[in-house]
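Comments concern the structure below.
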Amino acid sequence: MNEFEGRVAVVTGAASGIGLALAERFAKEGMRVALADVEATPLERAAQRLADRGADVVSVLTDVSRPEQVQALADRTLEAFGAVHVVCNNAGVFSSGRLWDAPLDDYEWLMGVNVYGVVHGIRTFVPILLEQGEAGHVVNTASMAAVTSMPWTGIYFMTKHAVLSLSETLYHELTQQGAKIGVSVVCPEVIATAIDRSDRNRPDEFQLGATEAADETRKLVNEGLSAGVQSGVPPARIADRTLEAIRANRFYVLAEDAWRRSCDTRLEDIRLARNPTFAPPVEEN
Ligand SMILES: NC(=O)c1ccc[n+]([C@@H]2O[C@H](COP(=O)([O-])OP(=O)(O)OC[C@H]3O[C@@H](n4cnc5c(N)ncnc54)[C@H](O)[C@@H]3O)[C@@H](O)[C@H]2O)c1
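Position one of the sequence shown corresponds to residue -3 (our numbering), numbered consecutively onward.
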């Protein structure tokens, strides 16, 4: 897809971080943008910011883990703009802790947003894109967590593996069908966003108990993540990378740092059928 002016983009998780940067980048190309997020005030602020710069936007309060809300997002987008061309299934949340210590609530929350959010996005929007028959593109935000495994962050990594697999399958299925719909999976390194404050969106039914909140591994990982995002790559860089990928019909949009070596090590482990290497992303001097 290389015509952007006047086309329509839908972005979930658009009130903050990578989603907001994507929405801004699309608006800069002259696209009309539907911004979706579960957080009402930041969502309104984001939509206002884009509108103040002359962009044609709508904002739709959406919990991507709920299929009927994703359907309502599609309905509102079509009502406002009459079509959809780029769909970014981007909303995501993070939690940490050992696999056997983490409460089932963490599994359910992350599966709901990170995996089912993408599933609902695909099931809702791909039929619309196919029906339109115009050039389109689906962008799923995974992570380098999709191509490696690390201790204490297993639930998040598991969900991102699922997003990568869903995206690869979507690519094969659309290609086999000869559809004019590209697919990209975005696998960023650590980005300067509010992902370390994901708990702000933790639903009431998944609130942590006192023991879980005091869990030492959880605290350690969260401190590390907060330090990481403070010096993380600007989200605008990911938005640029993503736009280039849509234009070039490039599927994998990967990190540009030491995470690539962690990924290579993991793939080599599998190729050689050797036991998993612990290969955290350490920059070489
Ligand atoms: N920041 C990083 O280092 C990093 C690295 C790799 C991948 N990612 C992925 O990037 C994506 C965007 O995250 P970010 O880093 O910009 O974080 P962020 O917290 O800044 O933005 C995420 C947005 O998603 C929204 N959201 C949360 N739950 C939602 C729900 N149920 N329905 C709709 N919206 C919801 C939040 O309100 C927020 O606006 C996520 O999928 C994340 O896993 C982030």
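Backbone N, C-alpha and C fix where the C-beta goes; we use that ideal spot for every residue, glycine too.
Check: Using the rule of at least 16 other Cβ atoms within 10 Å of the residue's Cβ for burial, across every protein chain shown, is K156 buried or exposed?; Outcome: buried
Check: Which two residues bound the contiguous beta strand (DSSP E) that contains T137?; Outcome: G132 to T137
Check: Over what stretch of residues does the beta strand (DSSP E) that includes D260 continue unbroken?; Outcome: It is not in any beta strand (DSSP E) - D260 instead sits in the alpha helix (DSSP H) that spans W255 to L268.
Check: Within the present structure, is the beta-carbon of D195 separated from the nearest heavy atom of ligand 1 by less than 6 Å?; Outcome: no
Check: CA-CA distance, F0 and A209?; Outcome: 45 Å
Check: Taking C-beta to C-beta, are T58 and V6 nearer than 7 Å?; Outcome: no
Check: Start and end of the alpha helix (DSSP H) containing T171?; Outcome: G150 to Q172
Check: For the structure I just gave you, are there three or more beta carbon pairs, one from the region 95 to 106 and one from the region 141 to 160, closer than 8 Å?; Outcome: yes
Check: Alpha carbons only, please: which of S61, P63 and A30 is nearest the one belonging to D52?; Outcome: A30
Check: Answer with buried or exposed for A147, where buried requires no fewer than 16 other C-beta atoms within 10 angstroms of its C-beta.; Outcome: What sits at residue 147 in the sequence shown is Pro, not Ala. Per the 10 Å Cβ criterion, exposed.
Check: Any chance the CB of N136 is under 6 Å from a heavy atom of ligand 1?; Outcome: no
Check: DSSP three-state call for R28: helix, strand or coil?; Outcome: strand
Check: Give me the DSSP bridge partner(s) of L250.; Outcome: C183
Check: Tell me where the alpha helix (DSSP H) around T273 begins and ends.; Outcome: Here T273 belongs to no alpha helix (DSSP H), and DSSP marks it neither H nor E.
Check: Measure the C-alpha to C-alpha separation of V114 and V182 and round it to an integer number of angstroms.; Outcome: 13 Å
Check: Verify whether the separation of the beta carbon atoms of F22 and V83 is less than 7 Å.; Outcome: no
Check: Beta-carbon within less than 7 Å of C259's beta-carbon, same chain only, minus the 5 sequence neighbours each way: which residues are those?; Outcome: M140, V143 and T144
Check: For V37, which of S12, Q128 and V60 has the nearest alpha-carbon?; Outcome: Reading off the sequence, residue 37 comes out as Thr, not Val. That would be S12, whose Cα lies nearest to the Cα of T37.
Check: Assign I177 to buried or exposed, taking buried as 16 or more other Cβ atoms, counted over all protein chains shown, within 10 Å of its Cβ.; Outcome: buried
Check: Is the region 256 to 273 touching the region 192 to 206, taking contact as three or more C-beta pairs under 8 Å?; Outcome: no
Check: For D48, count neighbouring Cβ atoms within 10 angstroms of its own Cβ and tell me buried if that reaches 16, exposed if not.; Outcome: exposed
Check: In whole angstroms, what separates the C-alpha of A235 from that of A244?; Outcome: 14 Å
Check: For F90, count neighbouring Cβ atoms within 10 angstroms of its own Cβ and tell me buried if that reaches 16, exposed if not.; Outcome: buried
Check: What does the Cβ neighbour count give for R119, buried or exposed, with the cut at 16 atoms within 10 Å?; Outcome: exposed
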